[in-house]
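Q: In case it helps, the numbering used here puts the sequence shown at residues 268 to 524.
Here a beta-carbon is modelled for each residue, glycine too, at the ideal position from N, C-alpha and C.
Structure below; questions to follow.
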Amino acid sequence: MARRVADGAVLRLIKLWLKAPIEERGGNGTRRMSGGRGNTRGTPQGGVASPMLANIYMNRFLKYWRLTKRGDAFRAHVVAYADDFVILSCGRAAEAVTWTKVVMMKLGLTLNEAKTSLKDARQERFDFLGYSFGPHRYKANGQWYLGASPSKKSVQRLKTKVGNLLVPGNHEPWAEVRDTLNKSLLGWSNYFSYGTRRSVFRGVDRYVYERVRDFLARRHKVAGRGTKRFSCEIVYGERGLLRLERLPSPALSCASR
Numbered sequence: 268m269a270r271r272v273a274d275g276a277v278l279r280l281i282k283l284w285l286k287a288p289i290e291e292r293g294g295n296g297t298r299r300m301s302g303g304r305g306n307t308r309g310t311p312q313g314g315v316a317s318p319m320l321a322n323i324y325m326n327r328f329l330k331y332w333r334l335t336k337r338g339d340a341f342r343a344h345v346v347a348y349a350d351d352f353v354i355l356s357c358g359r360a361a362e363a364v365t366w367t368k369v370v371m372m373k374l375g376l377t378l379n380e381a382k383t384s385l386k387d388a389r390q391e392r393f394d395f396l397g398y399s400f401g402p403h404r405y406k407a408n409g410q411w412y413l414g415a416s417p418s419k420k421s422v423q424r425l426k427t428k429v430g431n432l433l434v435p436g437n438h439e440p441w442a443e444v445r446d447t448l449n450k451s452l453l454g455w456s457n458y459f460s461y462g463t464r465r466s467v468f469r470g471v472d473r474y475v476y477e478r479v480r481d482f483l484a485r486r487h488k489v490a491g492r493g494t495k496r497f498s499c500e501i502v503y504g505e506r507g508l509l510r511l512e513r514l515p516s517p518a519l520s521c522a523s524r
């Protein structure tokens with residue numbers, strides 16, 4: 268940063284950001300603090316300045332990639348977003364990975380080995396920015412094609428968010444619960460508007476409907492599972508739940524058949 272920014276006040280503010288403690292919530296709901304004054308390395312997960320600093324470092328890497336014409340040498344393209352990136356190479360991927368590790372070390376960084384892999388995208392899928400890219404199969408005829416769909420982790424994160432909202436302890440009016448839920452579903456579906464999504468959306472709809480039905484059955488003290496009182500027609504009709512499978516599809520690709 269000091270190479271690019273001469274304003275001492277700005278540099279001081281960035282240092283304060285790097286020292287700011289961050290509260291994180293574990294999978295079991297427990298809270299823990301990370302970062303703080305004792306932090307001497309890295310940026311806090313979720314910190315305000317973290318995306319900006321990641322982009323600055325990645326800009327140095329991408330600039331060196333261009334200056335050394337690695338794209339031509341490795342027959343490759345780099346696609347980067349913040350600190351996450353993929354190198355798409357035609358036959359020179361292993362060389363590109365080796366070169367990248369060396370350059371990252373020069374920048375004072377190391378690749379996350381647990382999240383770094385070398386794959387043949389024609390034979391294996393890889394996840395990037397919530398999508399799963401690679402071979403997909405048409406259910407109708409069993410044929411394979413190269414495409415993209417929401418990754419399993421992305422689907423699970425959405426389900427976890429829905430489950431956390433529809434807990435027995437949530438006593439907010441149904442209209443507020445529904446609006447919060449619909450906003451999450453709509454935002455998620457808009458992000459995953461590319462590629463193959465119909466079967467995934469159908470699975471999400473099934474999960475959300477069952478959670479909503481259970482939620483309403485508990486709230487109204489309905490005996491049993493509440494499938495009659497809160498049928499699909501009722502939940503998606505008068506109760507106003509958003510159904511992803513019925514949303515209009517903006518410019519769906521042929522892979523969505």
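Could you check whether Arg469 and Gly512 sit closer than 8 Å to each other, using their CB atoms as the reference points?
A: The residue given as residue 512 occupies position 245 in the sequence shown. The residue given as residue 469 occupies position 202 in the sequence shown. Just to set this straight, residue 512 is Glu in the shown sequence, not Gly. Contact flag set, yes.
Q: Could you tell me whether the segment 425-443 touches the segment 402-415, where touching means 3 or more Cβ pairs closer than 8 Å?
A: With a cut-off of 8 Å, the segment 402-415 and the segment 425-443 do not count as touching, because too few Cβ pairs lie within range.
Q: Using a 10 Å radius around the Cβ and a threshold of 16 neighbouring Cβ atoms, would you call Met325 buried or exposed?
A: As a working mapping, residue 325 is identified with position 58 in the sequence shown. The residue in question, Met325, is buried, as its Cβ has 16 or more Cβ neighbours within 10 Å.
Q: Please go through the segment 346-397 and give each complete alpha helix (DSSP H) segment of 4 or more residues, from N-terminal end onward.
A: For the segment 346-397, whole alpha helix (DSSP H) runs of length 4 or above, ordered along the chain, are 360-373.
Q: Where does Ala484 fall in DSSP's three states?
A: Locating residue 484 in the sequence shown gives position 217, counting from the first residue. Note: Ala484 maps to helix in three-state DSSP.
Q: What residue does the alpha helix (DSSP H) around Tyr458 start on, and which one ends it?
A: Position 191 of the sequence shown, counted from the start, is the residue given in the question as residue 458. Element bounds for Tyr458: Trp441 to Tyr458.
Q: Alpha carbon to alpha carbon, what distance is there between Gly414 and Arg464?
A: As a working note, residue 464 is residue 197 in the sequence shown. As a working note, residue 414 is residue 147 in the sequence shown. Distance between the alpha carbons of Arg464 and Gly414 is about 10 Å.
Q: When burial is assigned at 16 or more other CB atoms within 10 Å of the CB, is Asp387 buried or exposed?
A: Taking the first residue of the sequence shown as position 1, residue 387 is located at position 120. Per the 10 Å Cβ criterion, exposed.
Q: Closer than 8 Å is the cut-off here; do at least three beta carbon pairs connect the segment 393-408 with the segment 336-352?
A: Touching, yes, given that three or more Cβ pairs across the two stretches are closer than 8 Å.
Q: Based on DSSP bridge pairs, tell me the residues matched to His259.
A: The question about residue 259 has no answer, for the chain in this structure spans 268 to 524.
Q: Excluding sequence positions up to five away, which residues of its chain have a Cβ less than 8 Å from the Cβ of Cys499?
A: In the sequence shown, residue 499 corresponds to position 232, counting from 1. So the qualifying residues of the chain are Tyr476.
Q: Could you give the distance in angstroms between the alpha-carbon of Lys419 and the alpha-carbon of Phe400?
A: Within the sequence shown, residue 419 is the residue found at index 152, counting from 1. Within the sequence shown, residue 400 is the residue found at index 133, counting from 1. The straight-line gap from Cα to Cα measures roughly 12 Å.
Q: Could you check if Val272 is buried or exposed, using at least 16 other CB atoms within 10 Å of its CB as the buried criterion?
A: The count along the sequence shown starts at 1 and reaches residue 272 at position 5. Flag for Val272 reads exposed.
Q: Expressed to the nearest angstrom, what Euclidean distance is found between the alpha-carbon atoms of Arg279 and Lys286?
A: On the sequence shown, residue 279 is found 12 positions in, with the first residue counted as 1. On the sequence shown, residue 286 is found 19 positions in, with the first residue counted as 1. Cα to Cα, the separation comes out at about 11 Å.
Q: Quick one: is Leu448 buried, meaning 16 or more other Cβ sit within 10 Å of its Cβ, or exposed?
A: As a position in the sequence shown, residue 448 is number 181, starting the count at 1. Leu448 should be labelled buried.
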